[in-house]
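Have a look at the structure below, then the notes.
Written as structure tokens, this is what we have:
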């Protein structure tokens with residue numbers, strides 16, 4: 515079982531969350547994540563945010579950015595609101611112009627990559643037990659740490675095997691590692 519949780523928040527603005535028909539507040543969400551992380555410090559957190567929901571103001575957007583800064587999730591899935599005929603949101607007042615939604619999405623995406631890159635940089639030099647679970651590009655394989663972080667390992671290695679790897683580098687979406695000789699599982 516991986517220490518990975520996908521827990522969508524949708525917005526950092528309680529007003530927008532309420533307009534979406536959701537029954538929680540951003541502070542409740544933040545407190546739940548704090549409790550989870552105190553029990554599972556290596557938990558990988560993934561969340562979803564929707565930008566450009568009808569009525570979303572610049573202040574609402576900034577509240578979402580601030581919440582992401584506080585949460586520091588490993589993964590932020592950013593989606594721009596799109597109208598769906600027949601839905602409640604389609605008829606709501608305050609439809610956000612596409613260009614505004616797009617710019618907000620870009621800002622959140624930049625934040626996503628900055629946060630994940632910082633988190634991944636903190637892993638460099640550490641040794642992890644990983645499960646090799648797929649062939650990579652060229653002569654490489656992809657493995658996962660117990661907290662579901664993807665690790666690229668050069669070379670052709672047997673799938674579904676556990677090995678220990680030392681993290682040697684990172685990108686915003688994954689880590690790079692080498693198998694530690696003599697420490698294979």
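Residue numbers (the working numbering): 515 to 699. Just so you know, even glycine gets a beta-carbon here, dropped at the ideal spot from N, CA and C.
query	result
So, is residue 574 buried or exposed, given that buried needs 16 or more other C-beta atoms within 10 angstroms?	buried
Taking Cβ to Cβ, would you say residue 637 is nearer than 8 Å to residue 689?	yes
Would residue 681 and residue 642 be called neighbours here (beta carbons separated by less than 8 Å)?	yes
Give the straight-line distance between the Cα atoms of residue 612 and residue 566, rounded to the nearest whole angstrom.	8 Å
Start and end of the beta strand (DSSP E) containing residue 692?	689-693
Let me know the secondary structure DSSP gives residue 567 once reduced to three states.	coil
Excluding the five sequence neighbours on either side, which residues of its own chain have a C-beta within less than 8 Å of the C-beta of residue 664, listed in chain order?	656, 657, 658, 687, 688 and 689
Please state whether DSSP places residue 652 in a helix, a strand or coil.	coil
Exposed or buried, what is residue 587 when buried is set at 16 or more other beta-carbons lying within 10 Å of its beta-carbon?	buried
Quick check on residue 532: does DSSP put it in helix, strand or coil?	helix
Measuring CB to CB, does residue 644 end up less than 8 Å from residue 654?	no
Is the distance from the Cβ of residue 720 to the Cβ of residue 561 below 8 Å?	Within the shown structure, residues of the chain are numbered from 515 to 699, placing residue 720 beyond reach of any answer.
Which two residues bound the contiguous alpha helix (DSSP H) that contains residue 623?	612-635
Could you tell me if residue 515 is buried or exposed, where buried requires 16 or more neighbouring beta carbons within 10 angstroms of its beta carbon?	exposed
In three-state terms, what does DSSP make of residue 684?	strand
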